[in-house]
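Enquirer: Heads up, the sequence shown is in the UniProt record's numbering, so the first residue is 1 and it goes up one at a time.
Glycine is no exception: its CB is placed at the ideal position from the N, C-alpha and C atoms.
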Amino acid sequence: MSNLMWSKNVSLQTGVLTLSGISAAQLGKEFGTPSFFLDEEAFRSRAISWQRSLESEFGPNAGTIFYAAKSFICTAVAQWIAEIGIGIDVCTGGELAVALAGGISPEKIELHGNNKSVAEIDRAVSVGVRTIVIDSLIEIERVAAAAQKAGKRQAVMLRLTPGIEAHTHEKISTAHEDVKFGFSIASGAAWDAAEAVATHPQLELRGVHCHIGSQIFGSEAHEIATERLVGFMAKYRDAFGIELPELDLGGGFGIAYIEGDITVEPSDVLPQIHAALKKVCAEKNLAIPTISLEPGRNIVGPTMFTLYEVGTVKDVVIEGGKVRTYVSVDGGMSDNARTALYDAQYTAVIAQRISSAPLTLTRLVGKHCETGDIIINEIQLPSDIAPGDLIATPATGAYGRSMASNYNHVPRPPVVAVKDGKARVIVRRENEADLLALDVKE
Numbered sequence: 001m002s003n004l005m006w007s008k009n010v011s012l013q014t015g016v017l018t019l020s021g022i023s024a025a026q027l028g029k030e031f032g033t034p035s036f037f038l039d040e041e042a043f044r045s046r047a048i049s050w051q052r053s054l055e056s057e058f059g060p061n062a063g064t065i066f067y068a069a070k071s072f073i074c075t076a077v078a079q080w081i082a083e084i085g086i087g088i089d090v091c092t093g094g095e096l097a098v099a100l101a102g103g104i105s106p107e108k109i110e111l112h113g114n115n116k117s118v119a120e121i122d123r124a125v126s127v128g129v130r131t132i133v134i135d136s137l138i139e140i141e142r143v144a145a146a147a148q149k150a151g152k153r154q155a156v157m158l159r160l161t162p163g164i165e166a167h168t169h170e171k172i173s174t175a176h177e178d179v180k181f182g183f184s185i186a187s188g189a190a191w192d193a194a195e196a197v198a199t200h201p202q203l204e205l206r207g208v209h210c211h212i213g214s215q216i217f218g219s220e221a222h223e224i225a226t227e228r229l230v231g232f233m234a235k236y237r238d239a240f241g242i243e244l245p246e247l248d249l250g251g252g253f254g255i256a257y258i259e260g261d262i263t264v265e266p267s268d269v270l271p272q273i274h275a276a277l278k279k280v281c282a283e284k285n286l287a288i289p290t291i292s293l294e295p296g297r298n299i300v301g302p303t304m305f306t307l308y309e310v311g312t313v314k315d316v317v318i319e320g321g322k323v324r325t326y327v328s329v330d331g332g333m334s335d336n337a338r339t340a341l342y343d344a345q346y347t348a349v350i351a352q353r354i355s356s357a358p359l360t361l362t363r364l365v366g367k368h369c370e371t372g373d374i375i376i377n378e379i380q381l382p383s384d385i386a387p388g389d390l391i392a393t394p395a396t397g398a399y400g401r402s403m404a405s406n407y408n409h410v411p412r413p414p415v416v417a418v419k420d421g422k423a424r425v426i427v428r429r430e431n432e433a434d435l436l437a438l439d440v441k442e
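(1) Leaving aside the five residues before and after Ile-22 along the sequence, list all residues of the same chain whose C-beta is less than 7 Å from its C-beta, in chain order.
(2) CB Ile-385 to CB Thr-325, shorter than 9 Å?
(3) Which first and last residues belong to the alpha helix (DSSP H) in which Leu-27 is found?
(4) Ignoring anything shorter than 3 residues, give me the beta strand (DSSP E) runs that lie fully in the stretch 360-426, in order along the chain.
(5) Along the chain, where does the beta strand (DSSP E) containing Gly-213 start, and where does it finish?
(6) Which residues in the same chain as Glu-40 place their Cβ atom closer than 6 Å to its Cβ, once the five residues preceding and following it in sequence are excluded?
(7) Looking at the unbroken beta strand (DSSP E) that takes in Thr-18, where does it start and where does it end?
(8) Take Glu-170 and list the residues in its own chain whose beta-carbon comes closer than 8 Å to its own, dropping the five residues that flank it on each side.
(9) When DSSP labels each residue in this structure, what does Arg-206 get in the three-state scheme?
(10) Looking at the secondary structure, which residues open and close the beta strand (DSSP E) in which Gln-154 lies?
(11) Does the contact criterion of 3 or more C-beta pairs under 8 Å hold for the stretch 273-283 versus the stretch 65-73?
(12) Going straight from the alpha carbon of Thr-18 to that of Thr-362, what length do you get?
(13) Within the continuous alpha helix (DSSP H) that includes Asp-434, where are the two ends?
(14) Quick one: using the 10 Å Cβ neighbour count with 16 as the cut-off for buried, is Val-133 buried or exposed?
(15) Leaving out the 5 sequence neighbours to the left and right, which residues in its chain are closer than 7 Å to Val-118 when beta-carbon positions are compared?
(16) Relative to the C-alpha of Tyr-407, which residue among Leu-390, Ile-391, Glu-227 and Glu-430 is closest?
(17) What residue range is occupied by the uninterrupted beta strand (DSSP E) comprising Arg-324?
(18) Tell me, which residues are paired with Phe-253 by DSSP?
(19) Any idea if Ala-437 is buried or exposed, counting beta-carbon neighbours within 10 angstroms, 16 or more meaning buried?
(20) Find out if the Cβ-Cβ distance for the pair Arg-228, Gly-128 is shorter than 9 Å.
(21) Where does Ile-140 fall in DSSP's three states?
(22) What does the alpha-carbon distance come out to for the pair His-200 and Pro-245?
(23) Using a 10 Å radius around the Cβ and a threshold of 16 neighbouring Cβ atoms, would you call Glu-110 buried or exposed?
(24) Mind checking whether Ile-185 and Ala-146 have CB atoms under 9 Å apart?
(25) I'd like to know if the stretch 207-219 and the stretch 234-248 are in contact, where contact means that at least 3 CB-CB pairs between them fall below 8 Å.
(26) As a quick exercise: from Gly-231, Tyr-399, Gly-331 and Ile-88, pick the residue whose alpha carbon is nearest that of Pro-411.
(27) Please identify the residue among Gln-51, Asn-9 and Gln-26 whose C-alpha is closest to the C-alpha of Glu-294.
(28) Reducing DSSP to helix, strand and coil, say where Ala-101 ends up.
(29) Alpha carbons only, please: which of Thr-347, Gly-366, Asp-268 and Ala-287 is nearest the one belonging to Val-313?
(30) Does the stretch 345-355 come close enough to the stretch 379-396 to have 3 or more Cβ pairs within less than 8 Å?
(31) Sort Ala-433, Val-316, Gly-311 and Leu-307 by Cα distance to Thr-347 and report the nearest one.
(32) CB Ala-190 to CB Phe-181, shorter than 9 Å?
(33) Can you give me the C-alpha to C-alpha distance between Ala-62 and Gly-94, rounded to a whole angstrom?
(34) For residue 449, which beta-bridge partners are listed by DSSP?
(35) Report the start-end ranges of each alpha helix (DSSP H) in the stretch 259-346 that is 4 residues or longer and not cut off at the edges.
(36) Tell me the DSSP secondary structure of Leu-4 in three-state form.
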């Protein structure tokens, strides 16, 4: 594991942040603030590392990495994924459209989601996506109907709920019983789903899938999930005489956001997952299935940072007579909703100068009309921080731009890819015309 927060091509020397040799001041001047800056080479290397590590551990052609598009996707990133050769996991028609626009082969796409519309399913089947991960009995009927209409036999997987309480925030824990996702193994819903799929000749059940949550460290939860899903696959073999050839264990591998955090690397978890898979397959007398994983945050999260400009600084006397400095920047919850949603923690630095001023208790906040518009609830920052300073927040690649909103009619920031000393916009900044474009006038 590593303590990676900043991407590999970020440097912090004498108080000046640079990415691939370009200073934060230069980036801010050319592209404005707030902006997301994406280290393209770091993104590519993390994606390649997961695929190569999977093949090294499980053997050539023994598994597939599917990048989780929900963490962040745009056409340029989809093009990188197509070039790297890994798969992509999409969960809406919009994400599917971006993947296709970026040139990803449908054979490299799997479709998720707990409420796929008929139109989304029809399009996925018609373009030939590799797999549709089924999440409800209603979807079984919808996918079968779409396959029949298209004259195809559609490969599907069942998303199962293995009953694991992942040690993470409640809102990003997805494998215990009382959630909207999947079919419970314990309640028998998973078996009912398997029997229902078997009644439709238009569907080919390729295997089972789970996703146990996000920001998970270590391999124990994935090992337990492996044992429970393979146990289900053995039951299926005994009942139907068919060994399901694929097992998808989802993603959720954690990253570092603040000092003291760790970033899970492939070598930290793959050997343990492989050992658990071999052990339970031997016990159940099953052939080892093809393994798939879905890292999204773990690939893109550490490869991006957000650059803000300080607008106002205000000292507030709080309980006990202490003073808290409120530093307001030109973004906020519209470009980083995770603090408000999940009590997420981040760190930040002054990006364009060094400061020897004493540190002071600081709250980094945004410009929105919400008390909860907080980027960092509590951090020690230099007491001489002032309007015009640039503030950089690392590890914002996942769920920053992808969850961004237009709250208070604030335009969403651009995403700028930086590689080999050159920067280019891959998602442009919104403007007032964009904000007004959907308004219908009488």
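Expert: Here's the rundown:
(1) Position 22 of the sequence shown, counted from the start, is the residue given in the question as residue 22. Excluding residues up to 5 positions away in sequence, Val-418, Gly-421 and Ala-423 lie with their Cβ nearer than 7 Å to the Cβ of Ile-22 in the same chain.
(2) The residue given as residue 385 occupies position 385 in the sequence shown. The residue given as residue 325 occupies position 325 in the sequence shown. In terms of Cβ geometry, Ile-385 and Thr-325 form a close pair [threshold 9 Å].
(3) To locate residue 27, count along the sequence shown from 1; it is residue 27. Where Leu-27 is concerned, the enclosing alpha helix (DSSP H) stretches over 24-31.
(4) List check, beta strand (DSSP E) in window: 374-382, 390-394 and 415-419.
(5) Translated into positions along the sequence shown, residue 213 becomes position 213. Segment: none, Gly-213 is in no beta strand (DSSP E) and carries neither H nor E.
(6) Within the sequence shown, the letter at position 40 stands for residue 40. Shown here for Glu-40: same chain residues with a beta carbon closer than 6 Å to its own, the five before and five after excluded, namely Ala-417 and Lys-419 in chain order.
(7) As a working mapping, residue 18 is identified with position 18 in the sequence shown. Per DSSP, the unbroken beta strand (DSSP E) holding Thr-18 starts and ends at 16-19.
(8) On the sequence shown, residue 170 is found 170 positions in, with the first residue counted as 1. A caution first: Glu-170 carries a pLDDT of 42, below 50, which makes its placement in the model unreliable, though a value can still be read off. Nothing meets the Cβ criterion.
(9) In the sequence shown, the residue the question calls residue 206 occupies position 206. Strand.
(10) Here the question's residue 154 lines up with position 154 in the sequence shown. Where Gln-154 is concerned, the enclosing beta strand (DSSP E) starts and stops at 154-161.
(11) No, because fewer than three Cβ pairs between the stretch 273-283 and the stretch 65-73 fall closer than 8 Å, the two stretches do not touch.
(12) For the purposes of this step, residue 18 is identified with residue 18 of the sequence shown, where counting begins at 1. For the purposes of this step, residue 362 is identified with residue 362 of the sequence shown, where counting begins at 1. The alpha-carbon atoms of Thr-18 and Thr-362 are separated by roughly 24 Å.
(13) On the sequence shown, residue 434 is found 434 positions in, with the first residue counted as 1. DSSP places Asp-434 in the uninterrupted alpha helix (DSSP H) bounded by 432-436.
(14) Residue 133 sits at position 133 when you count from the first residue of the sequence shown. The residue is buried, with at least 16 neighbouring Cβ atoms inside 10 Å.
(15) As a working note, residue 118 is residue 118 in the sequence shown. Within the same chain, Val-118 has close Cβ partners Arg-142.
(16) Along the sequence shown, one-based indexing puts residue 407 at 407. Selected option, being the one with the closest Cα: Glu-430.
(17) Taking the sequence shown and counting its residues from 1, one reaches residue 324 at position 324. In the DSSP assignment, Arg-324 falls within the unbroken beta strand (DSSP E) covering 323-329.
(18) Here residue 253 refers to the residue found at position 253 when the sequence shown is read from its first residue. The partner list for Phe-253 (beta bridge, DSSP) reads Ile-216.
(19) Here residue 437 refers to the residue found at position 437 of the sequence shown. With a 10 Å radius around the Cβ and a threshold of 16 neighbouring Cβ atoms, Ala-437 comes out exposed.
(20) The residue you call residue 228 lines up with position 228 of the sequence shown. The residue you call residue 128 lines up with position 128 of the sequence shown. Contact flag unset, no.
(21) Position 140 of the sequence shown holds residue 140. DSSP places Ile-140 in helix when its eight states are reduced to three.
(22) Taking the sequence shown and counting its residues from 1, the one referred to as residue 200 is at position 200. Taking the sequence shown and counting its residues from 1, the one referred to as residue 245 is at position 245. Using only the alpha carbons, I get a separation of about 19 Å.
(23) The residue given as residue 110 occupies position 110 in the sequence shown. So Glu-110 counts as buried.
(24) Within the sequence shown, residue 185 is the residue found at index 185, counting from 1. Within the sequence shown, residue 146 is the residue found at index 146, counting from 1. In this structure, Ala-146 does not lie closer than 9 Å to Ile-185 by Cβ.
(25) Three or more Cβ pairs closer than 8 Å define a contact, and the stretch 207-219 meets that threshold against the stretch 234-248.
(26) Residue 411 sits at position 411 when you count from the first residue of the sequence shown. Measuring from the Cα of Pro-411, the nearest candidate turns out to be Gly-331.
(27) What you label residue 294 is simply residue 294 of the sequence shown in a count that begins at 1. When only C-alpha atoms are compared, the closest one is Gln-51.
(28) Residue 101 sits at position 101 when you count from the first residue of the sequence shown. Ala-101 sits in a helix when the DSSP states are folded into three classes.
(29) Along the sequence shown, read from residue 1 onward, the residue named residue 313 stands at position 313. For Val-313, the nearest C-alpha among the options comes from Gly-366.
(30) Enough Cβ pairs lie closer than 8 Å, so yes.
(31) Here residue 347 refers to the residue found at position 347 when the sequence shown is read from its first residue. Comparing Cα positions, the closest option is Leu-307.
(32) As a first step, residue 190 is located in the sequence shown; it is residue number 190 there, counting from the start. As a first step, residue 181 is located in the sequence shown; it is residue number 181 there, counting from the start. Not closer than 9 Å, so no.
(33) Residue mapping note: residue 62 aligns to position 62 of the sequence shown, counting from 1. Residue mapping note: residue 94 aligns to position 94 of the sequence shown, counting from 1. Spanning the two alpha carbons is a distance of roughly 30 Å.
(34) Residue 449 lies beyond the residue range present for the chain, which begins at 1 and ends at 442; the question has no answer from this structure.
(35) Secondary structure remark: continuous alpha helix (DSSP H) runs of at least 4 residues inside the stretch 259-346, in chain order: 266-284, 297-300 and 338-342.
(36) On the sequence shown, position 4 is the one that residue 4 refers to. Residue state, collapsed to three classes: coil.
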